[in-house]
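In this note's numbering, the protein residues as written are 158 to 428.
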């Protein structure tokens, strides 16, 4: 494979976590859930064979980061067997706080549930440790971090070696800033349509903290407008020094290859 079309030589540190991640991560909500997700087009959850091929393709393209969550339906449960024998190749990010049952989300950030959730994710993913666990916010970012005990519990799990780093997948600037002050990483929305959380990226750049970008292509809506919206999206994201990796949730092999080639070209142009 031509090096310009892969991410193998472009892995970078996720803040000061000690983790090195590819500039694109594979989001896996579509491996486990097709209800209540905001995408412009419908999709079918892929078979095990198709999912295995997608993961192999991602690995071949130099992607080493997988993003999952308990709220992504059967995503974690499927990834465990799909990744057997490959644990050393992947940086796995999962989440706590949001549960998804019978078509409804509900939230529990208590210490008891946080520990239960991480232990359950370890079993589902068939691993002894999770590289990164993010708090799956319901929008009340600051109250969650200050009052629920979730961050303190994640810090304990980190000391125990069950997780390597923790942070917040939040919805507010205040939450993102507090998440970085008290933890390792923030996952923020940053795309051509929404840049309200840029202050979180700015803080991360100053303080050596990790940033993952969600909705990098506006949940697929970037495909609907502009000349080359994918390239323009990556120019915005990777133009910011704090952006370690953008999570891309595609299950389409052609889209995945195009996203990787676009990201690689943009990063090499910026360098």
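In this text, a Cβ means the ideal position worked out from N, Cα and C, and glycines have one as well.
*Which full runs of the beta strand (DSSP E) of 3+ residues lie inside the region 263-295, going along the chain?*
287-293
_Same chain, Cβ closer than 6 Å to residue 158, neighbours up to 5 away in sequence not counted_ = Interpretation of residue 158 is limited by its pLDDT of 47, a score under 50 that renders its predicted location unreliable; the figure taken from the coordinates is listed afterwards. No residues qualify anywhere along the chain.
_Option nearest residue 409 by Cα separation, candidates 172, 171, 187 and 174_ = 187
*What whole-angstrom Cβ distance do residue 181 and residue 220 have, given they're in contact under 8 Å?*
6 Å
_Is it the case that the region 159-174 contacts the region 233-242, given that we only count it when at least three CB pairs across the two stretches are under 8 Å?_
no
_Local conformation of residue 354 per DSSP, three classes_ = coil
*Using the C-alpha atoms, what's the distance from residue 328 back to residue 106?*
What is shown of the chain runs 158 to 428, which leaves residue 106 out entirely.
*Mind checking residue 273: buried by the 16 CB within 10 Å criterion, or exposed?*
exposed
*Quick one: Cα of residue 310 to Cα of residue 268, how far?*
6 Å
_residue 225 beta carbon less than 9 Å from that of residue 367_ = no
*Closest to residue 258 by CA distance: which of 281, 229 and 290 is it?*
229
*Between residue 210 and residue 288, what straight-line distance do the alpha-carbon atoms span, to the nearest angstrom?*
23 Å
_Outcome for residue 262 when other beta-carbon atoms lying within 10 angstroms are tallied against a minimum of 16_ = exposed
*Give every residue of the same chain whose Cβ lies closer than 6 Å to the Cβ of residue 407, excluding the five residues on either side of it in the sequence, and list them in chain order.*
413
_By the three-class DSSP mapping on this structure, what secondary structure does residue 327 have?_
coil
*Take the Cβ of residue 427 as the centre, count every other Cβ of all protein chains shown within 10 Å, and call the residue buried at 16 or more, exposed below.*
exposed
*Using beta-carbon positions only, say whether residue 324 and residue 279 come within less than 9 Å of one another.*
no
*Which parts of the region 190-270 are runs of the beta strand (DSSP E), unbroken and 3 residues or longer, counting only runs that do not cross its ends?*
222-224, 248-253, 255-258 and 261-264
*Closest residue to residue 256 among 299, 240, 193 and 202 (Cα-Cα distance)*: 193
*asked:* Can you look up residue 398 in the DSSP assignment and give me helix, strand or coil?
replied: coil
*How would you write the range of the beta strand (DSSP E) that residue 343 sits in, first residue to last?*
342-346
*Determine the burial state of residue 360: buried for a count of at least 16 other Cβ atoms within 10 Å of its Cβ, exposed for fewer.*
buried
*When 242, 241, 294 and 216 are compared against residue 251, the one with the closest alpha-carbon*: 294
*Roughly how many angstroms lie between the CA atoms of residue 375 and residue 352, to the nearest whole one?*
11 Å
*Name the two residues that bound the continuous alpha helix (DSSP H) containing residue 315.*
307-316
*When DSSP builds the beta bridges, which residues end up paired with residue 371?*
346
_Spatial distance of residue 411 from residue 306 (CA atoms)_ = 43 Å
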